[in-house]
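**Q** Just passing along the structure, written as structure tokens.
Residue numbers (the working numbering): 3 to 363.
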């Protein structure tokens, strides 16, 4: 009942004694039950609410996961299966006489594209966490890359060599070594709380309860990798030959034209290299996501930047703390997916960097 009718991101212990009208906001329910505490509903009333709110696809999924799909009672690793096959068969015959030994790969398309199931490790997937990670990283790149490169251009090409700018440069260098949990605390204070109206989408009319959204996480991780991008972009701009800029000025180009058409194209391979390193750090971060409120389990996919979310590092951390060995197997498969995602994003950045390098050569 809770998993099907309630939105998964709602707080069940808080809402269970609340009236039906509050718990099932936006759902169908009889008018006479609107003020009835949700946790006092009898079996017939709960069944009526299920009938009103369940769709055919939901019923099929419930039937498959709860009745039809086999349950994994015990699992062994590939190495154990290869070296201790006879012992495994004997143990299965003794303790699980009705069970059947089957080969199962935890990493498959159903696991990647399936919804989360906090109760059954053999039926769970990681689609919501995968979507959440992709959306957070996309926002992080869209915010951090232009701001970081713009800051590097200002500090290298426009900023005067005075005390204030030297202090700013020193602080940027120091921020690159700050632990990620500090950025999480800053994100919690600024993006989740102080800017809650923006990050929750309330000023745009959304009904998100608080600022613990994809947008807050993206802003926090952008803040985390910003010093790395700025420092690497500065080094790349500094490496552009001065003679190239002087030749541009000699032909009558303005300072901005020289930066846009000559400095940036020549510095772009180095800038993208720094961006690759920064993204590699951001995609595996867990501590900032814990503080800005990434959910441990969320069965719904994030719909946009103002949605509650979970992410692959959070899900992996949660699965490794559970007692069932099958969840640890799922965590290992999720780690492989995270590595593939990281390598894919880095490959795109490397291809872009090499394309810029070939164009310049």
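All C-beta atoms, glycine included, are put in the ideal place defined by N, C-alpha and C.
Touching or not, the stretch 263 to 275 and the stretch 285 to 304, by the rule of three or more beta carbon pairs under 8 Å?
**A** Not touching, per the Cβ criterion.
**Q** So, does the stretch 298 to 313 touch the stretch 177 to 186, judging by three or more C-beta pairs under 8 Å?
**A** no
**Q** Taking residue 116 as part of the alpha helix (DSSP H), name the residues at either end of that continuous run.
**A** Indexing the chain shown from 1 puts residue 116 at position 114. Careful: residue 116 lies outside any alpha helix (DSSP H) and carries neither H nor E.
**Q** Determine the burial state of residue 166: buried for a count of at least 16 other Cβ atoms within 10 Å of its Cβ, exposed for fewer.
**A** Taking the chain shown and counting its residues from 1, one reaches residue 166 at position 164. Burial state of residue 166 is exposed, judged by a 10 Å Cβ sphere holding fewer than 16 other Cβ atoms.
**Q** Say the cut is 8 Å; is the CB of residue 192 nearer than that to a heavy atom of the ligand ZN?
**A** With respect to small molecules bound, the structure shown includes none, and the ligand ZN cannot be examined in it.
**Q** Could you check whether residue 35 and residue 51 sit closer than 9 Å to each other, using their CB atoms as the reference points?
**A** Numbered from 1 along the chain shown, position 49 holds the residue referred to as residue 51. Numbered from 1 along the chain shown, position 33 holds the residue referred to as residue 35. Yes. Within cutoff.
**Q** Would you list the residues sitting across from residue 181 in a DSSP beta bridge?
**A** Position 179 of the chain shown, counting from 1, holds the residue named residue 181. Bridge partners of residue 181: none, in fact.
**Q** Residue 271 lies in the alpha helix (DSSP H); which residues open and close that run?
**A** Residue numbering aside, residue 271 sits at position 269 when the chain shown is read from its first letter. Per DSSP, residue 271 belongs to the alpha helix (DSSP H) from 266 to 285.
**Q** Beta-carbon within less than 7 Å of residue 322's beta-carbon, same chain only, minus the 5 sequence neighbours each way: which residues are those?
**A** The residue labelled residue 322 in the question sits at position 320 within the chain shown. Excluding residues within five positions, the ones whose Cβ falls inside 7 Å are 330, 333.
**Q** Any idea what DSSP makes of residue 99, helix, strand or coil?
**A** What you label residue 99 is simply residue 97 of the chain shown in a count that begins at 1. Residue state, collapsed to three classes: coil.
**Q** Assign residue 130 to one of three DSSP states: helix, strand, or coil.
**A** Numbered from its first residue, the chain shown carries residue 130 at position 128. Helix, per DSSP.
**Q** Rounded to a whole number of angstroms, what is the C-alpha to C-alpha distance between residue 139 and residue 119?
**A** Here residue 139 is taken as the residue at index 137 of the chain shown, counted from 1. Here residue 119 is taken as the residue at index 117 of the chain shown, counted from 1. About 24 Å.
**Q** Taking only three categories from DSSP, how would you classify residue 39?
**A** Your numbering for residue 39 matches position 37 in the chain shown. Three-state result, residue 39: strand.
**Q** Pull up the DSSP beta-bridge partners for residue 21, would you.
**A** For this step, residue 21 is matched to residue 19 along the chain shown. In DSSP, residue 21 forms a bridge with 39.
**Q** Does the beta-carbon of residue 214 have 16 or more other beta-carbons within 10 angstroms, so that it is buried, or is it exposed?
**A** In the chain shown, the residue the question calls residue 214 occupies position 212. Buried.
**Q** Using the beta-carbon count (16 or more within 10 Å), is residue 258 buried or exposed?
**A** Counted from its first residue, the chain shown places residue 258 at position 256. It is exposed - the Cβ of residue 258 has fewer than 16 other Cβ atoms within 10 Å.
**Q** Measuring only the C-alpha atoms, how far is residue 2 from residue 115?
**A** The question about residue 2 has no answer here: the residues shown for the chain are numbered 3 through 363.
**Q** Specify, as a first and last residue, the run of the alpha helix (DSSP H) that residue 159 falls within.
**A** To locate residue 159, count along the chain shown from 1; it is residue 157. Where residue 159 is concerned, there is no enclosing alpha helix (DSSP H), because DSSP gives it neither an H nor an E.
**Q** Quick check on residue 308: does DSSP put it in helix, strand or coil?
**A** Taking the chain shown and counting its residues from 1, the one referred to as residue 308 is at position 306. Note: residue 308 maps to coil in three-state DSSP.
**Q** If you reduce the DSSP assignment to three classes, tell me which class residue 48 lands in.
**A** Counted from its first residue, the chain shown places residue 48 at position 46. Correct three-state label for residue 48: helix.
**Q** From what residue to what residue does the alpha helix (DSSP H) around residue 238 run?
**A** Taking the first residue of the chain shown as 1, we reach residue 238 at position 236. It spans 216 to 240 - the alpha helix (DSSP H) in which residue 238 sits, taken as one unbroken run.
**Q** Three or more beta-carbon pairs under 8 Å between the stretch 312 to 327 and the stretch 273 to 288, yes or no?
**A** yes
**Q** Taking 9 Å as the threshold (C-beta atoms), are residue 338 and residue 283 in contact?
**A** For the purposes of this step, residue 283 is taken as the residue at position 281 of the chain shown. For the purposes of this step, residue 338 is taken as the residue at position 336 of the chain shown. Not in contact: residue 283 and residue 338 (Cβ atoms no closer than 9 Å).
**Q** Please confirm whether residue 308 and residue 217 have their CB atoms less than 9 Å apart.
**A** Taking the first residue of the chain shown as position 1, residue 308 is located at position 306. Taking the first residue of the chain shown as position 1, residue 217 is located at position 215. Between residue 308 and residue 217, the CB-CB gap stays under 9 Å.
**Q** Kindly indicate which residue of 206, 239, 280 has the alpha-carbon position closest to the one of residue 146.
**A** The residue you call residue 146 lines up with position 144 of the chain shown. Ranking 206, 239, 280 by Cα distance to residue 146 puts 280 first.
**Q** Please tell me whether residue 265 and residue 233 are closer than 9 Å, where the distance is taken between their beta carbons.
**A** Locating residue 265 in the chain shown gives position 263, where the first residue counts as 1. Locating residue 233 in the chain shown gives position 231, where the first residue counts as 1. No. Outside cutoff.
**Q** Within the continuous alpha helix (DSSP H) that includes residue 246, where are the two ends?
**A** Translated into the one-based positions of the chain shown, residue 246 becomes position 244. First-last of the alpha helix (DSSP H) with residue 246: 244 to 252.
**Q** With 16 other CB atoms within 10 Å as the buried threshold, where does residue 252 fall?
**A** Along the chain shown, one-based indexing puts residue 252 at 250. Exposed.
**Q** Could you tell me the distance, in whole angstroms, from the CA atom of residue 113 to the CA atom of residue 130?
**A** Taking the chain shown and counting its residues from 1, one reaches residue 113 at position 111. Taking the chain shown and counting its residues from 1, one reaches residue 130 at position 128. The C-alpha of residue 130 is placed about 11 Å away from the C-alpha of residue 113.
**Q** Whole angstroms is fine: what's the gap from residue 155's alpha carbon to residue 127's?
**A** Residue numbering aside, residue 155 sits at position 153 when the chain shown is read from its first letter. Residue numbering aside, residue 127 sits at position 125 when the chain shown is read from its first letter. Spanning the two alpha carbons is a distance of roughly 44 Å.
**Q** So residue 109 and residue 255 are in contact, right, with Cβ under 8 Å, and what is the actual spacing, rounded?
**A** Position 107 of the chain shown, counting from 1, holds the residue named residue 109. Position 253 of the chain shown, counting from 1, holds the residue named residue 255. With 8 Å as the limit, residue 109 and residue 255 do not qualify as a contact, their Cβ atoms being about 54 Å apart.
**Q** Take residue 189 and list the residues in its own chain whose beta-carbon comes closer than 7 Å to its own, dropping the five residues that flank it on each side.
**A** By one-based count along the chain shown, residue 189 stands at place 187. Residues 218, 221, 222, 225, 290, 293, 294 of the same chain have their beta carbon placed closer than 7 Å to that of residue 189, with the five preceding and five following residues left out of the count.
**Q** Just the Cα atoms here: how many angstroms apart are residue 278 and residue 132?
**A** For the purposes of this step, residue 278 is taken as the residue at position 276 of the chain shown. For the purposes of this step, residue 132 is taken as the residue at position 130 of the chain shown. Going from the Cα of residue 278 to the Cα of residue 132 covers about 20 Å.
**Q** Just checking my contact of residue 328 with residue 124 at CB under 8 Å: how many whole Å lie between their CB atoms?
**A** Residue mapping note: residue 328 aligns to position 326 of the chain shown, counting from 1. Residue mapping note: residue 124 aligns to position 122 of the chain shown, counting from 1. Between residue 124 and residue 328 the Cβ distance is about 6 Å, and since that is below 8 Å, they are a contact.
**Q** State buried or exposed for residue 241, treating a residue as buried only when at least 16 other CB atoms are found within 10 Å of its CB.
**A** By one-based count along the chain shown, residue 241 stands at place 239. Looking at its Cβ environment, which holds fewer than 16 other Cβ atoms inside 10 Å, residue 241 is exposed.
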